[in-house]
Amino acid sequence: MLLMGGGTTVDSSFLWMHDVIAGSRAGNGGDITVLRASGTEAYDDYLIKLAHFNSVRTIKIERNATAPDLARVAAEVDKAQGVFFAGGDQANYARWKDTSLSAAVQRVYDRGGVIGGTSAGLAILGEYVYDSVAADAASPTDTVEVTTKNAIPNPSESIISFTHDLLVFAPLRRVITDTHFVTRNRFGRLAVYLARLQAADPARRQLMGVGVDEATAIVIDKHGIGTLKLQGKGGSALFVQVSKATRVVPGKPFVANGIKMTLLNRDGQTYDFNRWCANGAPTYTVNIDGNRKPIYQPPNPYKAPAGAVMQRCP
């Protein structure tokens, strides 16, 4: 799998994708399908020049696509060894749940292919998806967005909506992803998502949020081990767990204590998605209190504080 946070493209993650499919850096191989609901075919030339794929084809699927339209795209996806979801609006992708197209993407993964996405294309890859459907319904021009600034004061906000099991990938079971994570200060909203999902079903096992920043990707091998890939300086990924005891109180600002954070910010660091741990990565806790300013304690949740414990996988 290839989880890219959006913004700057991470070249090394696509080279990894090629190597997995072709078997080596030098080998030619892999037919890649790029799926999107808006935008251009820019990935086609970029990927062909970057790596020795057999072919790269972008297919743009209109919002009003019919079942026969999706079936025709599904037939093309079935020929691919890799599928990459471009950015845009994940509400468009959420509409593909339980269609011939989502089934075709699933088959690519199940037979050993690579599935990836960036920005909105990453947002749809977890078992749980913030789908933007309610936000789009509130604003047909797509000007309404869930942010930390509106989620923390009102965690029961009606524009927050979810889709479950759009696609099924073993490493991302019990996971919800978020994108542009540090750049757009999305830690607060991700914590709200986790709290709402867990409160909705008390029997649900502990969930995890994976926030990937811009110029950052996580590639996950067949053993469930993720490796951080960075484009240039900066970039990070955070793994977030909110206590199942956290409650979302309608009409009240969000409050959550002891949110567990694991930070990866060095190229090549690894994370075990089977055991939810990372050897040598700092782990620390953050509190959120929407009644106070700053709302985070410590004030910068994206940076490991002094005294953070270096994690060891059991």
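Residue numbers for the sequence shown follow the working numbering, beginning at 1 and rising by one. By construction, the Cβ of each residue, glycine as well, lies at the ideal position given by its N, Cα and C atoms. Predicted model only: the values in this text are computed from it and were never measured.
Could you check whether residue j and residue i sit closer than 7 Å to each other, using their CB atoms as the reference points?
i, j, result
"Val175", "Val219", "no"
"Val168", "Gly5", "no"
"Thr183", "Glu145", "no"
"Leu166", "Val242", "no"
"Tyr284", "Ala256", "no"
"Gly87", "Thr40", "no"
"Glu55", "Ala74", "Here residue 55 turns out to be Ser, not Glu, going by the sequence shown. Not in contact: Ser55 and Ala74 (Cβ atoms no closer than 7 Å)."
"Asp44", "Thr58", "yes"
"Val105", "Val77", "yes"
"Ala278", "Ser13", "no"
"Val343", "Ala134", "Not covered by the structure: residue 343. The range shown for the chain is 1 to 314."
"Ser161", "Asp131", "yes"
"Ala306", "Leu264", "no"
"Leu190", "Glu127", "no"
"Ile61", "Ala94", "no"
"Ile115", "Met1", "yes"
"Ser156", "Pro253", "no"
"Val83", "Thr9", "no"
"Phe85", "Leu3", "no"
"Gly234", "Tyr271", "no"
Report the CB separation of residue i from residue j in whole angstroms; it is logged as a contact under 8 Å.
i, j, result
"Gln90", "Ala123", "4 Å"
"Ile259", "Asn291", "That pair is no contact at about 16 Å."
"Ala199", "Val248", "5 Å"
"Gly224", "Phe273", "4 Å"
"Pro282", "Ala308", "4 Å"
"Leu228", "Arg266", "7 Å"
"Met261", "Gly280", "Their Cβ separation, rounded to whole angstroms, is 15 Å, which puts Met261 and Gly280 out of contact at 8 Å."
Give me the DSSP bridge partner(s) of residue i.
i, result
"Thr118", "Met4"
"Leu35", "Ile59, Phe85"
"Lys229", "Ala217"
"Ala256", "Ile288"
"Gly209", "Ile176, Val240"
"Cys313", "Cys313 pairs with nothing; no bridge assigned."
"Gln297", "Asn287"
"Tyr130", "Phe162"
What would DSSP say about residue i, mapped onto helix, strand or coil?
i, result
"Leu263", "strand"
"Pro282", "strand"
"Phe162", "strand"
"Tyr302", "coil"
"Asp11", "helix"
"Thr270", "strand"
Report buried or exposed for residue i, applying the criterion of at least 16 other Cβ atoms within 10 angstroms of its Cβ.
i, result
"Ala51", "buried"
"Gly30", "buried"
"Asp201", "exposed"
"Asn300", "exposed"
"Gly232", "exposed"
"Gln269", "buried"
"Pro314", "exposed"
"His164", "exposed"
"Asn92", "buried"
"Ala65", "buried"
"Pro140", "exposed"
"Asp178", "buried"
"Thr147", "exposed"
"Pro294", "exposed"
"Ser24", "exposed"
"Ala120", "buried"
"Asp136", "buried"
Taking 7 Å as the CB-CB cut-off, is residue i touching chain D?
i, result
"Gly188", "Absent here is chain D; the protein component of the structure consists of one chain."
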